[in-house]
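Asks:
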């Protein structure tokens with residue numbers, strides 16, 4: 001088995017555990033990004049992709065951060081920036097403590113550097129909130145993060 005195939009297999013194992021945890025705790029999650037494209041188009045991973053990403057509604061995202069440390073398998077570490085800890089991500093990562101995958105921008109941080117599964121919050125916009133953003137040419141991506149990114153880092 002190639003290194004990439006082994007990484008993909010471990011990422012899939014992590015995702016299966018994550019989805020089972022979410023089901024057990026009534027948390028809604030959606031596969032997204034390259035993982036969703038790979039699942040639909042390739043019936044697996046995109047050939048060069050090595051991780052899986054998930055969306056969660058904000059309410060479930062915050063609940064996940066509370067529940068994971070108490071109920072999840074100790075093999076997996078949840079990392080989320082707050083006022084006392086900044087991991088240089090603007091979203092939750094679930095890390096496999098039994099693997100090593102050091103990201104250059106985090107190499108100086110004291111945290112488990114295992115394979116990561118990214119969990120991104122989904123926030124709701126009312127139509128009247130979205131129209132001014134489009135009118136003012138603010139990108140969808142930055143508008144999605146605008147309200148909560150700073151709150152999350154400052155918590």
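In full-length UniProt numbering, the protein residues as written are 1 to 155.
Ideal placement from N, C-alpha and C gives every residue a C-beta, glycine not left out.
Here the structure is a predicted model, which means the values were calculated and not measured.
(1) If you draw a straight line from the C-alpha of residue 2 to the C-alpha of residue 122, how long is it?
(2) On the CB-based measure, 16 or more other CB atoms within 10 Å of its CB, does residue 40 come out buried or exposed?
(3) Since residue 94 and residue 76 are thought to touch, with beta carbons under 8 angstroms apart, how far apart are those beta carbons, to the nearest angstrom?
(4) On a CA-only basis, which of 19, 11, 26 and 47 is nearest residue 59? Give me that one, please.
(5) Hey, out of 8, 19 and 32, whose CA is closest to residue 55's CA?
(6) Measure the alpha-carbon distance for residue 12 versus residue 67 and round it to whole angstroms.
(7) By the 10 Å Cβ neighbour count, where 16 or more other Cβ atoms means buried, how is residue 5 classified, buried or exposed?
(8) When the Cα atoms are used, what is the spatial distance from residue 57 to residue 29?
(9) DSSP puts residue 30 in a beta bridge; with which residues?
(10) Going straight from the alpha carbon of residue 9 to that of residue 51, what length do you get?
(11) Could you tell me the alpha carbon to alpha carbon distance between residue 38 and residue 19, rounded to whole angstroms?
(12) Rounded to whole angstroms, what's the CA-CA distance from residue 46 to residue 7? Just pull it up for me.
(13) Ordered along the chain, which non-local residues of its own chain (more than five positions away) have a Cβ less than 6 angstroms from that of residue 144?
(14) Could you tell me the boundaries of the beta strand (DSSP E) in which residue 79 lies?
Replies: Taking the coordinates as given:
(1) Taking the straight line joining both Cα atoms gives about 34 angstroms.
(2) Burial call: exposed.
(3) Taking a contact as a CB-CB distance under 8 angstroms, the pair residue 94 and residue 76 counts as one, their CB atoms being some 5 angstroms apart.
(4) Looking at the Cα atoms, 26 is the closest of the given residues.
(5) Of 8, 19 and 32, the residue nearest in Cα terms is 32.
(6) Residue 12 and residue 67 have their C-alpha atoms some 21 angstroms from each other.
(7) Counting Cβ neighbours within 10 Å, residue 5 comes out exposed, since fewer than 16 surround it.
(8) For residue 57 and residue 29, the distance between alpha carbons rounds to 7 angstroms.
(9) Partner(s): 55.
(10) Going from the Cα of residue 9 to the Cα of residue 51 covers about 10 angstroms.
(11) The alpha-carbon atoms of residue 38 and residue 19 are separated by roughly 17 angstroms.
(12) Across the structure, residue 46 and residue 7 are spaced so that their CA atoms are roughly 13 angstroms apart.
(13) Residue placement at residue 144 is poorly supported in this model, since its pLDDT is 48, which falls under 50; the coordinates still yield a value, given next. Once the five neighbours on either side are set aside, residue 144 has no close Cβ partner at all.
(14) Annotation for residue 79: the continuous beta strand (DSSP E) segment containing it runs 76-79.
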